[in-house]
Amino acid sequence: MAINEQTLASMREIVARYPQPRSALLPMLHLVQSAEGEVTTDGIAACAEVLGISPAEVTGVSTFYTMYKRKPVGEHHIGVCVNTLCGLLGGDAVYEALSERLGVGHNEPTADGKFSLERIECQAACTHAPVMTVDWEFMDDVTPTSALDVVDRLSRGERVESTRGPVIRNFQASEHTMAFPDDGLAGEGISVDAKMLAGLRYAKEHNMAAPRSGQEG
Amino acid sequence: MTLTPVITEHWDQPDLYTIDGYRRVGGYRALEKALKQDPDAIINSVKDSGLRGRGGAGFPTGLKWSFVPQNDGKPHYLVVNADESEPGACKDIPIMMANPHSLIEGVIITSFAIRANHAFIYIRGEVPNALRKVANAVAEARRAGLIGKNILGSGFDLEIVVHSGAGAYICGEETALLDSLEGFRGQPRLKPPFPAVAGLYASPTVINNVETICNIPYIIDRGVDWFRSFGTEKSPGFKVWAVSGHVNNPGIFEAPLGITMRQLLEYAGGVRGGGKVKFWLPGGSSVPLLTEEHLDLPMTYEEMAAAGTMLGTGTPMIFDETVSVVKAVTRWLEFYKHESCGKCTPCREGTYWITGMLENFEHGHAKESDLELLASACNQIAGRSFCALGDAAATPFPAALKYFRDEFIAATNSPVDDEFDPVASYIYAGAATR
Amino acid sequence: MSENFSTDVVPMVNVNIDGVDIVVPKGTLAIRAAEMIGVEIPRFCDHPLLEPVAACRACLIEVEGMPKPQPACAQVVNDGMTIRTQQSSEVAKDAQEGVMEFLLINHPLDCPVCDKGGECPLQNQAMSVGRPESRFEGEKRTFEKPINVSAQILLDRERCVSCARCTRFADQIAGDPMIELLERGANQQVGVADDQPFDSYFSGNTVQICPVGALTSSAYRFRSRPFDLVSVPTTCEHCASGCSLRTDYRRGEITRRLAWENPEVNEDWNCDKGRFAFSYLTEGRITTPMVRENGELRPASWPEAIDVAARGLAHAGASTGVLTGGRLTQEDAYAYAKFARAILGTDNIDFRARATSVEEAQLLRSSIAGTPISVTYDALEAAPFVLLVSFEPEDESPMVFLRLRKARTTVASIGAVVTRGLSKMGGSLIAAAPGDEATVLNNLSADVKQALTQPGAVILVGERIATSQGAASAVAKLAHETGAALAWVPRRAGERGALDAGALAGLLPGGRPLTDASARVEVAAAWGVDVDVLPSAEGLSGDDILQAVSRASLGALVVSGVDAVDLPDPAATAAAIRGAGFIVSLDHHHSEFTQEADVVLPVALVTEKAGTFVDWEGRSRPFGQVFKDALAMTDATVLGMIVNAIGKQAGAWDIAGIRRELAGLGQWSGAREAAPSLPNTAMTVDGFRLASWRELLDAGVMQEGEPFLAATARPVAALMSATSAAQLGSPATVSVAGPSGSVVLPLVVGDVIDNVVFVPMNSTDCSIYRDLGARIGSSVAVTAGGVA
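Residue numbers (the working numbering), protein chains in the order written: chain S, 2 to 218; chain V, 19 to 452; chain Y, 111 to 898.
As structure tokens, then:
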């Protein structure tokens, strides 16, 4: 795919959400990645044109944020959190295992374009450490073995579900969600798991509850 | 102190993320009450509740709202900071995935109170499952007439935009978030003017954390007195604690402010393998670490400050004795170096320098005198950087040095991995424990 | 009391800095307040004309009552504030030293080969507030070096301290955000988009304000050390903006020019033409007098050449025309004005080497010449409304552009194109096809007229007013009706000075009408000649002089600094040069006129003489001699030698004497010629109408020898509306044809009114006079295709 009339129309649709057009730039760049697989010079030009700003201004923004890639990304973009908690709880080993299996390093795509790998920062899922993401969907509580298994299944084209989210699609589809978040998948898959319910279940098991209020209801 | 699920009370309902599921447990009842009130009365209730921001700084929420000038003829904006990226913080994303409507309800009430007709929820881009849950909730609420023109016949109009970030920790800093939301590089803005006066599009803007906003419907529905029955005078209310690290049962635990880490540890099943807490952080990597001796301190804004740390995001990370503090601190600094926006010299250059020095310790290349140099460099960042990111980056090392000086000295002789087998700290089955 | 009488008194506040109590205007920044008591706080990102960012943190100070050190560049002083700088506070000193240490950890130690070395704020401040030895033992950050952000501007990223002065200048001042900060954190760097270089007319300013050696120019890189240079304050000769410059030279050659601070005129800025175009001064000089013998020019001695010139001109007498170009200093133009009237007895003189009209001359004599300064740069900044007529400030007077942009005043432009400059000023277009300006001016909407009646409203008229019949008359009428101030902004640096000096038919110095007997009496007295010597009837305009010379109805031509390519009728010019009985050419470079002249007399370059340019405001911009030991003589001195040889006298021919005479004459206070009142004639044109002006960077002779500058010029193209382009089938290139030829240019669709095509007037391989035989407003044929 490339930047076409449909992309430009979608960009204008994003612009229409905001009181001031330039606010649309971040989602527009996600849209560029959904169309092109990365932030291309054409994509930058399209954003600049639609917003009436300079390509340099768009470039300044696109290089500031780590999610925007200026080189090709795999069909599936795999992130492994190597921040302190995840890394030391085993994320380092997960990353090493994937790097070895895929034969790529940080922010590099495999030769066949199927995968790319990234050492990512904290994903706000520390309770589920070590955390991996596939196309930014959660793969919680991974081990080197389970991470390699995910890669194998994706390689074979098998259905892989996020541990807290929908069935894995691909990098470009996820980027489209960032541009148009109401993607119709809110009801798909599990979003609340045992760790998120740990306290609630403990409370119920031990008859703990917040006091009620007289005003309630 | 017992657990008190409020925000998390109904998370086990499978359809809670839908408007029907949310309404079934009393959702949007507070909104109906709120829209019948004078907006100023809501601001006063929130002021009286003593609610403090749950994003890390703990600023009184009602006071923040009251800074917005009224009848100024300018549009007002509410911006929800859902850019949860602080290492260790993992409570806003779960809230949005489990119960997005509680956020939407809070947004509508808050917007009504501060007279904003446009609200933005800035969610970090790396979590599409939070984005879609919140976007779906916004769409449902719009279809139900809770967003849009003349909400529930009140005459109040509101648009809510779900906005995706793109990977920059600095955008959690509220003025950087505003620049990012305006389509710029997310670098913090010079203050004054403060956002309450000139924020988004140079108009009065309130920026609140997700969890903070989720408290609002409960305060409106159940009252200030009820809210103040939780916590302490200076830290009233309940908190969504996310306990992570070397515990047997990590996860989300909701309990009043003032609970101790020891109690939370108990709910979380204790340290894995019956081991000991080596060090822990009450709320994110930006607060000074504590040790086992601090487990019995009440976790309130004031008690944590008295102990030389901060409550932060209220998401404790627990590390057992398998972990090298040198390695942990180095890794955090690598994070701050990666996330420094580059605007100001102390943070940009300081994180570059001290990270390099710490890496020397991790790899056994440092000398003991480097400890003083590191401390000096941290001092040259703290209080001198443009925003709190620099202060945060200058935090982990001095705190670690305070309690674990010997470990740093030991690291001058040999790589930390020689002393601390990395495999020992892995959490999954088969990994050794010490 | 009406508000006209109220004065904005800025309240004052008391502040104590380092124990010294001072009173400063409210709103003053601490860094400036400290300067007032002689305390220099270190700074990099701070620049008085840029919005504060407080990014570099070099200026941290202690403010009583504030827990953390504050950036002095962003700290507004409040009444009663107590401030301690590095002079009295260990906190401030320690903070500043810490920041300086951080700035240096990644800064290369390449000062000995860096252009900035010796005049580097980082180097200087590292000496004053830095540690003697670095504590950093790590590996410094490196980048590929240097990279071109444009053909002219080079960037050594490892030297950059991320102060963002350059990017803020580009965005806030020039309106050209083509350089930006890219990446983040320690990897943050200045850069451009992949496909758009930093081709801003103002790019050179970024090199000058860079506080380190990160930005350098291709033209100057590695050429000299600052401490080897001799610096002279000068005035730019490239246009009528009147910029103060600093000219640096070494061993008799200019090495660079810098913008020099002048708050009333160019503030801290200049344009790239003024900064980078000076090679023309040194290449291709005429070094010796020449006389024609047997049809060939040969070198001659000064006495011989002067003698030949004197005899020829004495013989022609009043049957002589004098063309002075628009680039001379006021003193030299005055000498020609005097020479024509007092020595030759003719009023055939014109300083305008461009398209002109009788109507324009009338407007200049009636409303501009010798009038007191009224519209200034500051007035533009304060104006509630500015109407531009036949004037494109960014191309034709860049400092006027910058000031209008800074003012954020309401700007409307009567023209055919929404230009980049107009967009950057946030201005609106009042559509007028070339030639229709008068009609549009006479039918302005009530809103515009109302806007012009506001106190302080201004009408700015460019030199192209002369190309549109009735427009000068309509402007005069409009100014009279609305009370708006009228200012004329010529392009060339010498035009206003020449006008005020009387180098125009019908006009004596100081705005005196030639036809006024008492004016002639005053002037004759100043010159020490009998009033009867002076002509009393208006002479010929430049166009008419050339016509008359070609018909041999004038016997001689005196010409200085005129290039045939600038004149709108190449055939008539060529005929005049061929047909002239006797040509005396005073010049420093060869031209079509020197080639055919009977006598060529070399004169001084702008760097070899002192003089005065009068900018568009009417403000005298005197400058001194750069090369003090230069032997070349000014035009005035050479004319004085001819006068001696002829055996006459008419006052002074040296600069001091001329200045005394000009000052003594002052400005005319008597009756003036009436403003022009020509009716506008409706134009009917087949096909496309030609819109054109000289772009700032083009094929002008004073830009010769500057390949890097030329490479940043705007691409030469034909610009037309989407509708017009679609009618041609939206081809990639078009052929634009006039009476004498055609050019093929890339087609660019822009905001142009339909059926108008814009073509640059004098750019590389595209001169509308030479290549098309067309003028502004001409009907031209535009067809699809061709190889550009």
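The beta-carbon is built from N, C-alpha and C at its ideal position, and this holds for glycine as well.
Backbone CA spacing between residue i and residue j [nearest angstrom]
{"i": "V/Arg-42", "j": "V/Thr-36", "result": "10 Å"}
{"i": "Y/Gly-525", "j": "Y/Val-550", "result": "10 Å"}
{"i": "V/Tyr-370", "j": "Y/Ile-257", "result": "23 Å"}
{"i": "S/Ala-3", "j": "S/Glu-50", "result": "16 Å"}
{"i": "V/Ala-153", "j": "V/Val-98", "result": "14 Å"}
{"i": "V/Thr-331", "j": "Y/Leu-264", "result": "46 Å"}
{"i": "S/Met-12", "j": "S/Leu-26", "result": "9 Å"}
{"i": "Y/Gly-455", "j": "Y/Gly-665", "result": "13 Å"}
{"i": "Y/Val-890", "j": "Y/Ser-845", "result": "10 Å"}
{"i": "V/Leu-34", "j": "V/Thr-26", "result": "11 Å"}
C-beta contact flag for residue i and residue j at 8 Å
{"i": "Y/Thr-481", "j": "Y/Gly-728", "result": "yes"}
{"i": "Y/Gln-299", "j": "Y/Arg-267", "result": "yes"}
{"i": "Y/Val-521", "j": "Y/Leu-498", "result": "yes"}
{"i": "S/His-31", "j": "V/Ala-184", "result": "yes"}
{"i": "V/Tyr-95", "j": "V/Thr-223", "result": "yes"}
Below-8 Å beta-carbon distance, residue i vs any chain S residue
{"i": "Y/Met-288", "result": "yes"}
{"i": "V/Thr-278", "result": "no"}
{"i": "V/Ser-403", "result": "no"}
{"i": "V/Ile-111", "result": "yes"}
Min CB distance residue i to chain Y below 8 Å
{"i": "S/Ser-55", "result": "yes"}
{"i": "V/Cys-362", "result": "yes"}
{"i": "S/Thr-42", "result": "yes"}
{"i": "V/Ser-247", "result": "no"}
{"i": "S/Glu-58", "result": "yes"}
{"i": "S/Ile-45", "result": "yes"}
{"i": "S/Leu-9", "result": "no"}
is_contact[residue i, chain V] using C-beta, thresh 8 Å
{"i": "Y/Ala-636", "result": "no"}
{"i": "S/Asn-84", "result": "yes"}
{"i": "S/Ser-1", "result": "Because residue 1 of chain S is not part of the residues shown, which for chain S are 2 to 218, the question remains open."}
{"i": "S/Pro-73", "result": "no"}
Contact belief for residue i with residue j at Cβ below 8 Å, rounded distance in angstroms
{"i": "Y/Ile-171", "j": "Y/Arg-194", "result": "7 Å"}
{"i": "V/Ala-214", "j": "V/Val-86", "result": "5 Å"}
{"i": "Y/Phe-212", "j": "V/Glu-102", "result": "Incorrect: roughly 30 Å between the Cβ atoms, too far for contact."}
{"i": "Y/Ala-820", "j": "Y/Leu-838", "result": "Contact doesn't hold; Cβ gap of about 29 Å is too wide."}
{"i": "Y/Val-867", "j": "Y/Val-892", "result": "5 Å"}
{"i": "Y/Lys-136", "j": "Y/Val-125", "result": "Contact doesn't hold; Cβ gap of about 10 Å is too wide."}
CB contact check: residue i to chain B, cutoff 8 Å
{"i": "Y/Leu-325", "result": "The structure shown contains no chain B; its protein chains are S, V and Y."}
### Query
In chain order, which alpha helix (DSSP H) runs of at least 4 residues are fully inside the stretch 705-774 of chain Y?
745-756
**Any alpha helix (DSSP H) of 4 or more consecutive residues that is wholly inside the stretch 257-310 of chain V** = 279-285
Open item on the list: If we require 4 or more residues per run, which alpha helix (DSSP H) segments fall completely within the stretch 354-415 of chain Y?
Closed with: 382-386
Quick check on the DSSP output: what are the complete alpha helix (DSSP H) runs of length 4 or more inside the stretch 36-105 of chain V, in order along the chain? 37-42, 47-53, 57-67, 79-84
Only counting runs of 4 or more residues, tell me where the alpha helix (DSSP H) segments fall wholly within the stretch 138-167 of chain S, in order along the chain. 145-156
* Asked: Unbroken alpha helix (DSSP H) runs of length 4 or more, entirely within the stretch 189-216 of chain Y: which are they?
  -> 200-215
To test your reading of the DSSP string, which unbroken beta strand (DSSP E) runs of 3 or more residues are found completely within the stretch 303-349 of chain Y?
325-327, 340-345
request  = Only counting runs of 4 or more residues, tell me where the alpha helix (DSSP H) segments fall wholly within the stretch 212-284 of chain Y, in order along the chain.
outcome  = 231-239, 275-278
Next on the checklist: Going residue by residue through the stretch 65-110 of chain S, where are the continuous alpha helix (DSSP H) segments of at least 4 residues, counting only ones entirely within it?
Outcome noted: 93-103
- Task: Quick one: which unbroken beta strand (DSSP E) runs of 3-plus residues sit fully inside the stretch 802-855 of chain Y? Chain order, please.
- Result: 828-830, 843-848
If you scan the stretch 144-176 of chain V from start to end, which runs of the alpha helix (DSSP H) of 4 or more residues do you find wholly inside it?
146-161
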